[in-house]
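Structure first, then comments.
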Amino acid sequence: MKRKTRRLWLVVACVAGLGTAAGLTLNAFSSNIVFFMTPSQVAAHPPAPDHTVRLGGMVVAGSVRRELHGETPVNRFDVTDGQAAVTVRYEGILPDLFREGQSVVAVGTAAAGGGFTASEVLAKHDETYMPKEVAEALQKSGKWDPKFGPPPDASSWSSMTARDGRTARGGS
Amino acid sequence: MNAQPGLMARLGAVFHRYANPGRFLRLGARLQPWLTWPALLLTLTGLGWGLFFSPADWQQGDSVRIMYVHVPCAWLASSGYFALAVCSLLSLVWRHSLADLAAAEIGPVGASVTAVCLATGSLWGKPMWGTWWVWDARLTSVLVLFFLYLGHIALIRAFDDPQRGYRAAAILALAGTVDLPIIKFSVQWWNTLHQPASITLTRAPTMASSMLWPLALSALGFTLGFAAIVVARLRASVMENRARILLASPASRAARASVSDHREQTV
Numbered sequence: 188m189k190r191k192t193r194r195l196w197l198v199v200a201c202v203a204g205l206g207t208a209a210g211l212t213l214n215a216f217s218s219n220i221v222f223f224m225t226p227s228q229v230a231a232h233p234p235a236p237d238h239t240v241r242l243g244g245m246v247v248a249g250s251v252r253r254e255l256h257g258e259t260p261v262n263r264f265d266v267t268d269g270q271a272a273v274t275v276r277y278e279g280i281l282p283d284l285f286r287e288g289q290s291v292v293a294v295g296t297a298a299a300g301g302g303f304t305a306s307e308v309l310a311k312h313d314e315t316y317m318p319k320e321v322a323e324a325l326q327k328s329g330k331w332d333p334k335f336g337p338p339p340d341a342s343s344w345s346s347m348t349a350r351d352g353r354t355a356r357g358g359s
Numbered sequence: 038m039n040a041q042p043g044l045m046a047r048l049g050a051v052f053h054r055y056a057n058p059g060r061f062l063r064l065g066a067r068l069q070p071w072l073t074w075p076a077l078l079l080t081l082t083g084l085g086w087g088l089f090f091s092p093a094d095w096q097q098g099d100s101v102r103i104m105y106v107h108v109p110c111a112w113l114a115s116s117g118y119f120a121l122a123v124c125s126l127l128s129l130v131w132r133h134s135l136a137d138l139a140a141a142e143i144g145p146v147g148a149s150v151t152a153v154c155l156a157t158g159s160l161w162g163k164p165m166w167g168t169w170w171v172w173d174a175r176l177t178s179v180l181v182l183f184f185l186y187l188g189h190i191a192l193i194r195a196f197d198d199p200q201r202g203y204r205a206a207a208i209l210a211l212a213g214t215v216d217l218p219i220i221k222f223s224v225q226w227w228n229t230l231h232q233p234a235s236i237t238l239t240r241a242p243t244m245a246s247s248m249l250w251p252l253a254l255s256a257l258g259f260t261l262g263f264a265a266i267v268v269a270r271l272r273a274s275v276m277e278n279r280a281r282i283l284l285a286s287p288a289s290r291a292a293r294a295s296v297s298d299h300r301e302q303t304v
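As given, the protein sequences belong to chains A and B, one line each in that order.
Start counting at 1 in the first sequence, then tack on 187, and there's your number in the working numbering.
Start counting at 1 in the second sequence, then tack on 37, and there's your number in the working numbering.
In C-alpha cells form, the structure reads like this:
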C-alpha cells in the first residue's frame, strides 16, 4: 500500500507542478493570447501603422454608413467598448450577423489619425439564444433594443414561448 | 496521515473488485442494453426535436441548429478526456489492468467526438462569424485536445510490451489534463471570438427553454451513446485478451498439436 500512496502523491505533485507552470506561462503571455484589442486599448497604446491588429467591440447605433464605390460597398462604422470609440472603414461585404449593437472583430491596421482600416470583419455573436418571436416581444414591450446592447436578464424571458410572442404582437 | 494507508487500501479494494475481467464482462453484458437503447432513443428525440421542431434563433436563423450536434460533442470531448485521465490515474497508481484497456478504448471515441466538434464548429463559424477558423484561445485549446487524443492513441499502441505503452500513455493523458481548465475558462480569461457559455451553474441559462430542452436531451443521448460505445469496445477488448491467453496456453497448444501435428511443425 505504501508504494501506491507514494505513486499517488507523485502523480498529484507532477500534475500540480505542470498546472502551475502552464498557468504562469499563460499569464505571462496573456496579452498575446487575447484575440482582439478593445478601442480603449488601441487609443491608449496605438499600434504601429504597419502592424495588423484585431479590434473588437460593439457597433455604435446610428454610426453605420454604406456607400457604393463602383461595384464595391464601402462601410464605415464606429466600434466602442463603452469608454472609447474607433471609426472603422471596410471595403467589402459584411457578414450576415453584422448589425448595430452587434459585437464585431475587425482585422486591419490603425491609422495615425485614429481611424482603422479593416481588411476583414468578423461578427461575434453572444451567448444568447432566443426564438424570433421572443426577441420581437421583448422589443415590442420596450424591454430591449438590440441596437443598444445585450438583452435583459435571461430569467425574464427564457421560459417565454413562441406563443407568448405572438400574443404580444397581436395585442400591440 | 494515520488514516491514509487504510483509505488507500479500501480504495484499492473497491477498484480491484472491478478489475476482475470476468466480473466486468458479466456487469457489462447486463449494462449494455441499458446504455444502447436509451442512448438511441434520447439522441433521436433530441436531434429530431432540435433539427425540425425547435424554433430558429432570432439572429442566427436556422444555422443555430448545428448547436444540437456541436455542443454535445464539445461536452463529450472534454468529459471523455476527463474519463481518460481517471483511467490513467488508476493505471499509474493502482496498476489497474481494466483501466489500461479502458484508456485504450476511450481514446479513439474521444478523438472522434472532438473531430466532430471541430468540424461542426467550423461549419457554424463560416455563416455566422464569417470565417471557418480563427486562432482564438477556445478554438486553439480544443485543437490541442484533439492532438492530445491522437498522441494518446498512437502512444498506447506504440510498444511491443503493452504495459510500457499503458504507462507512457497514462503519463501523457495526465499531463494533458492541464488543457481541460484552459478550454473551459478560455472564453472568460481572454477575449475570444467564441462566445462564453450559455449554461452555467450560477446564472439562468441565456437560452430559451424551447431550445434548451432538445439540447439537454441530445446531450444526454450523446453521453449515453459515448458510454455504450466505450463499454462495447471494452467488452470486446477483454474477450480478445481472453482468447489470446487461451490460444497461448499450454493446454490449447497441446490440443492443437494433437489435432494437426504436421501443420504445427511447419508454422
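Beta carbons: idealized from backbone N, C-alpha and C, even for Gly.
Given the structure is predicted, the values throughout are model-derived calculations rather than measurements.
Here A/Ala230 has Ala271 as same chain residues with Cβ atoms under 6 Å from its own Cβ, once five neighbours each way along the sequence are excluded. If you draw a straight line from the Cα of A/Asp340 to the Cα of B/Thr229, it comes to about 22 Å. If you check each beta-carbon in the region 220-246 of chain A against every beta-carbon of chain B, the ones closer than 7 Å belong to Ile220, Val221, Phe222, Phe223 and Gly243.
Within chain A, no residue has its CB atom less than 9 Å from the CB of B/Thr239, the nearest being about 12 Å off. From the beta-carbon of B/Met165, the residues of chain A found nearer than 7 Å are Leu284, Ala310 and His312. At a beta-carbon threshold of 9 Å, none of the residues of chain B lie near A/Ser306; the nearest stands roughly 12 Å away. Here B/Trp131 is near B/Gly49, since their CB atoms are less than 8 Å apart. Not a single C-beta of chain A is nearer than 8 Å to the C-beta of B/Val106. Closer than 8 Å to the CB of B/Gly188 there is not a single CB belonging to chain A. Annotation: the region 69-116 of chain B contains no complete segment of the alpha helix (DSSP H) (minimum length 4 residues). When DSSP states are grouped into helix, strand and coil, A/His256 belongs to the strand group. Relative to B/Thr168, the option among A/Met347, A/His312, A/Pro333 and A/Ala299 whose CA is nearest is A/His312. Contact between A/Tyr316 and B/Ser235 holds: their C-beta atoms lie close to 6 Å from each other, under 8 Å. Boundaries of the beta strand (DSSP E) harbouring A/Leu242: Val240 to Val246, taken from the DSSP string. For B/Ser178, the CB contacts under 7 Å within the same chain, skipping 5 residues up- and downstream, are Asp216, Ile219, Ile220 and Ser223 in chain order. Contacts between A/Val321 and chain B, judged by CB atoms closer than 9 Å, involve Pro92, Trp95, Ala245 and Ser247 in chain order. Residue B/Gln69 holds the alpha-carbon nearest to the alpha-carbon of B/Ala269 among B/Asn57, B/Ser149 and B/Gln69. In the three-state reduction of the DSSP assignment, B/Arg270 falls in the helix class.
Contact annotation for A/Tyr277 against chain B: no contact, minimum CB-CB distance about 11 Å [criterion: below 8 Å].
Within chain A, the C-beta atoms nearer than 8 Å to that of B/Asp173 come from Phe222, in chain order. Under the Cβ criterion of 8 Å, A/Leu211 is not counted among the residues facing chain B.
When only Cα atoms are considered, B/Val108 and B/Val51 end up about 34 Å apart. B/Asp198 sits in coil when the DSSP states are folded into three classes, being neither helix nor strand. Taken atom to atom, the span from the alpha-carbon of B/Ala285 to that of B/Ala212 is near 36 Å.
Scanning chain B for C-beta atoms nearer than 8 Å to the C-beta of A/Ala341 yields Arg240, Ala241, Pro242, Thr243 and Met244, reported in chain order.
B/Cys154 is not a Cβ neighbour of B/Ala139, given a cutoff of 8 Å.
In the DSSP assignment, B/Arg175 falls within the alpha helix (DSSP H) that extends over Ala174 to Ile193. In the DSSP assignment, A/Ala272 is bridged to A/Thr267. For B/Ala152, the enclosing alpha helix (DSSP H) starts and ends at Ser134 to Met165. In the DSSP assignment, A/Leu309 falls within the unbroken beta strand (DSSP E) covering Phe303 to Lys311. Counting only Cβ-Cβ distances below 8 Å, B/Ala234 has contacts in chain A at Glu314, in chain order.
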